[in-house]
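Peer 1:
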Amino acid sequence: MSDEYGYDDEDDSPYGVDSSGGDDGAGVSRDGGRGPEVTFAALPPAQGRGFATSWWGRAWLQALEDTALDGQQLKQGRQLARKGGVGAVSVRPGRITAMVRDRDGTPHRSDVLLQQLGSGAWDRFLDMAVDRAGHIAALLDREMPPHLVEDAAGAGVELLPGIGDLEPECTCGAWDHCPHSGALCYQVARLLDEDPFVLLLMRGRDERRLLDELQVRSAARAVRPGGGGEGEDTGDAEREIRGVPAGEAFAAAGILPPLPAPPSASDAPGLGPSLDTETPPAPGIDPAALEVLAADSAVRAHRMLLDALAPGHEEQPLPVELTPQQDAVRLAADARPDARIGARLAAGSGRPPVDLDAAVRAWRYGGVAALAVLDEEWAPAPEDLVRARARLGEAWEAGERPALRASGRARWTVAGADLQLRLDRDGRWWPYRKERGRWVPAGPADDDPAGALAGAEDGAADGMSGVGVAV
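Given below as structure tokens:
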């Protein structure tokens, strides 16, 4: 064992001797030795960052800050740690040690002691852990989720330190947490962020031994009569589904780190993959269609990200779920596919290819609402129809109103012109224009029928056509 920190060959501290006798007392190892030891290289200065991002790292610091009597001493310790004044940190059962240098370079050996778990407590912890595969998986992922700590506490095993559990020792002679022991604890919080096994080692079990014992117990549980089978698996699944108890989540709120700022969105969606390779596709697979779908997925994901980052997104209503026929029109409008893919989308939309162009125009003008105006002819209630006719009469100055004739229950056609107004269920007016004998959308909706009709006339004057999809 290295004597870099001036360790004695024998440690007479109760934190370094197995006094458990096999029960719940403190102890390092069963043979009475100092147990395993891990030394972590000195960490770089922590400029501009906190000392703990994990909730268990924050719990460690909370125990330190609740224990220390002099907050000014801790503040100085935090500054020492932030400036890189803590050397290599040695962790062993019951104790962490490091050389901490003052601002003037004077070194001090500082130790922080933490009571170990006795063999009985470890037995209860291991039995609890093997009961739920999620606990083992979390430890293997270097995580210590709240429900693991809660279940351990329910078994009488306190993993995280509490008030007064972190006992300092320092060559500076201070009896309370001094800047040196405080700096050491702040540095250990950074280690705990990366690896909660550091805490378990301080409690008395190194990673290898802990995982070996978990494996042995898991294997024994699997072969034990009644220890496996469908019934137990179902019970484990039910326990996993229950999630985190509300009380535990509320108690952890004070030590959980704030959520990180959302990432900024890219300026444009990513490019889709090219499937034009020398390898022929499997039967029934159309690479060109897959490329269209991949590109569409990128566009939709980018649009959803922009919507999610927009202010007030959480107050917006949920988007309407599209039918397969509506989604085929949306895809044709967004992807602008070639004629072959357009014909497939027309079939998917339930329309003849010649009608897909009008549906695509409607979608680009107003999405689902515009499609409904294109496809459906509805009958307004008598009072709605009276209000619509009054609105038509008021929309133009005297003598300027075009001659309108009813062409359906919610449609009015301009006499002598290939223009039409359609009223939707929300009281908005949609302009239509006749092209090659078919009525097609000519602009977005407008609350003013005169404004909607003016937009359609402007489009006709500009020769606007062919804005759909090739079929």
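Take any residue in the sequence shown, note its place counting from 1, add 309, and you have its number in the working numbering.
Every residue gets a Cβ at the ideal spot worked out from N, C-alpha and C, and that includes glycine.
Between the beta-carbon of V421 and the beta-carbon of L389, is there less than 8 Å?
Peer 2: Result no, Cβ atoms of V421 and L389 do not sit closer than 8 Å.
Peer 1: By the 10 Å Cβ neighbour count, where 16 or more other Cβ atoms means buried, how is H622 classified, buried or exposed?
Peer 2: So H622 ends up on the exposed side.
Peer 1: Identify every residue that forms a DSSP beta bridge with V723.
Peer 2: V723 pairs with L713.
Peer 1: Assuming the contact rule is C-beta atoms closer than 8 Å, G513 and P402 should be a hit. Round their C-beta distance to whole Å, please.
Peer 2: That belief holds up - the Cβ atoms of G513 and P402 are roughly 5 Å apart, short of 8 Å.
Peer 1: Got a sec? Which residues, its chain only, sit under 8 Å from G540 by beta carbon, not counting five neighbours each side?
Peer 2: Low confidence applies here, because G540 scores a pLDDT of 43, under 50, leaving its location unreliable; read the following figure in that light. Cβ neighbours of G540 beyond the five flanking positions: none.
Peer 1: Go ahead and label R660 buried or exposed: buried means 16 or more other beta carbons lie within 10 angstroms of its beta carbon, across all protein chains shown.
Peer 2: Classification of R660: buried, given that the 10 Å Cβ count is 16 or more.
Peer 1: Can you tell me whether W431 is buried or exposed, with buried defined as 16 or more other CB within 10 angstroms of its CB?
Peer 2: It counts as buried.
Peer 1: Give me the Cβ distance between A671 and A679, rounded to the nearest whole Å; I'm assuming they're in contact under 8 Å.
Peer 2: The pair is a contact, with the Cβ atoms about 4 Å apart (cut-off 8 Å).
Peer 1: Here's the rule I'm using: 16 or more other beta-carbon atoms within 10 Å means buried, otherwise exposed. How should P620 be labelled?
Peer 2: Classification of P620: exposed, given that the 10 Å Cβ count is below 16.
Peer 1: What is the DSSP secondary structure of T480, counted as helix, strand or coil?
Peer 2: DSSP places T480 in coil when its eight states are reduced to three.
Peer 1: Taking the C-alpha atoms as reference points, what is the distance between Y495 and A607?
Peer 2: Answer to the nearest angstrom: the Cα atoms are 43 Å apart.
Peer 1: Counting only runs of 4+ residues fully inside the segment 575 to 641, write out the alpha helix (DSSP H) ranges in chain order.
Peer 2: The qualifying runs are 596 to 618.
Peer 1: Rounded to the nearest angstrom, what separates L732 and D585 at their Cα positions?
Peer 2: So the alpha carbons of these two residues sit roughly 47 Å apart.
Peer 1: Thinking just about the alpha-carbon of each residue, which of Y741, Q424, G736, P582 is nearest to the one in S716?
Peer 2: When each option's Cα is compared against that of S716, the closest is Y741.
Peer 1: Does the distance from the C-beta atom of P454 to that of G393 stay below 8 Å?
Peer 2: No. Outside cutoff.
Peer 1: Measure the Cβ-Cβ separation of A719 and E692 and say whether it is below 8 Å.
Peer 2: No. Outside cutoff.
Peer 1: Run the CB neighbour count on D542, radius 10 Å, all protein chains shown included, and call it buried at 16 or more, exposed below.
Peer 2: For D542, the predicted structure reports a pLDDT of 49, less than 50, and the residue's modelled location is therefore unreliable. A value from the coordinates is still provided. The residue is exposed, with fewer than 16 neighbouring Cβ atoms inside 10 Å.
Peer 1: What distance in whole Å lies between the Cβ atoms of A642 and R612, which are believed to be in contact at a cut-off of 8 Å?
Peer 2: Going by Cβ atoms, the distance from R612 to A642 rounds to 13 Å, so no, they are not a contact pair.
Peer 1: Would you give the residue range spanned by the alpha helix (DSSP H) that G463 belongs to?
Peer 2: Start and end: 455 to 463.
Peer 1: Can you tell me whether V629 is buried or exposed? The criterion is at least 16 other CB atoms within 10 Å of its CB, across all chains shown.
Peer 2: Exposed is the call here.
Peer 1: With a CB to CB cut of under 7 Å and the five nearest residues on each side skipped, what residues in its chain are close to E457?
Peer 2: First, the residue type needs correcting, since residue 457 is Leu and not Glu in the sequence shown. Hits under 7 Å: H444, A447.
Peer 1: For V466, which three-state DSSP category applies?
Peer 2: Three-state result, V466: coil.
Peer 1: Which value, in whole angstroms, describes the spacing of the CA atoms of G593 and P505?
Peer 2: About 51 Å.
Peer 1: Taking the straight line between their C-alpha atoms, what separation do you get for E452 and L509?
Peer 2: The straight-line gap from Cα to Cα measures roughly 12 Å.
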